[in-house]
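Start counting the sequence shown at 4; every next residue gets the next number (my numbering). See structure below.
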Amino acid sequence: MFSNLTRGLLLAVSFAVPAFAHDYKIGDLSVAHPAIPQPMTRAMTAGGFFAVTNTGTEADRLIGVEVDFAERAEVHITEHGSDGSAKMVHVEAIDLPAGETVAFERGGYHVMFMGLKSGLEAGSRLPGVLIFDKAGRLEVEFAVEAVKKPAGEAKGKGGHAHH
Numbered sequence: 004m005f006s007n008l009t010r011g012l013l014l015a016v017s018f019a020v021p022a023f024a025h026d027y028k029i030g031d032l033s034v035a036h037p038a039i040p041q042p043m044t045r046a047m048t049a050g051g052f053f054a055v056t057n058t059g060t061e062a063d064r065l066i067g068v069e070v071d072f073a074e075r076a077e078v079h080i081t082e083h084g085s086d087g088s089a090k091m092v093h094v095e096a097i098d099l100p101a102g103e104t105v106a107f108e109r110g111g112y113h114v115m116f117m118g119l120k121s122g123l124e125a126g127s128r129l130p131g132v133l134i135f136d137k138a139g140r141l142e143v144e145f146a147v148e149a150v151k152k153p154a155g156e157a158k159g160k161g162g163h164a165h166h
């Protein structure tokens with residue numbers, strides 16, 4: 004049998020998990036945890052990250068993103084040069100093969116939000132729409148997450164803009 008304390012903890016966790024986990028589904032596509040690391044105070048750009056799992060038998064494609072908190076949202080890929088350089092390149096669509104998960108993460112595919120209309124506060128959730136070629140439009144919320152600074156980094160130093 005569970006003690007009252009254990010029952011209380013289980014109940015608390017059952018309510019807390021949905022507050023942190025925010026996954027979305029449309030057709031055979033599941034989108035896990037759309038998030039934006041909180042940009043610096045006056046930043047005009049921010050990156051959006053998530054994972055898309057296609058459990059279907061047919062491929063789909065992410066063909067667009069719409070948001071109100073930025074002038075533009077574009078799907079990008081980071082290309083790495085042989086000299087160690089990296090540049091972000093706009094792409095028209097990202098293939099989502101059947102039976103696979105595609106991660107949108109730093110150093111790879113991601114969404115660039117350009118022309119931010121205001122500061123993005125950690126802890127807030129911002130509405131957006133992911134547009135898929137076959138599955139259609141999926142309303143999501145991007146969680147703005149506080150960025151953890153590396154140990155030893157002085158406050159206000161060492162930051163750099165994404166673009």
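In this text, a Cβ means the ideal position worked out from N, Cα and C, and glycines have one as well. Bear in mind that the values here come from a model prediction, so they are computed numbers and not experimental data.
Look at residue 103 here: in three-state DSSP terms it is coil, with no helix or strand label. Residue state for residue 48 is assigned as strand, using DSSP reduced to three classes. The way I'd put it, the segment 106-116 does touch the segment 39-49; three or more beta-carbon pairs between them come closer than 8 angstroms. With respect to the 8 angstroms criterion, residue 146 and residue 25 are classified as neighbours on the basis of their beta carbons. Under the three-state reduction of DSSP output, residue 91 falls in the strand class. For the 8 angstroms CB-CB criterion, residue 32 and residue 138 form a contact. When secondary structure is reduced to three states using DSSP, residue 81 falls in the strand class. In this structure, the alpha-carbon of residue 64 lies about 5 angstroms from that of residue 136. Residue 74 places its beta carbon 8 angstroms or farther from that of residue 101.
Note on the segment 103-154: whole beta strand (DSSP E) runs with a minimum of 3 residues are 104-107, 112-119, 128-135, 139-148, in chain order.
One alpha carbon belongs to residue 36, the other to residue 99, and they sit about 17 angstroms apart. When secondary structure is reduced to three states using DSSP, residue 56 falls in the strand class. In this structure, the beta-carbon distance from residue 69 to residue 131 falls below 8 angstroms.
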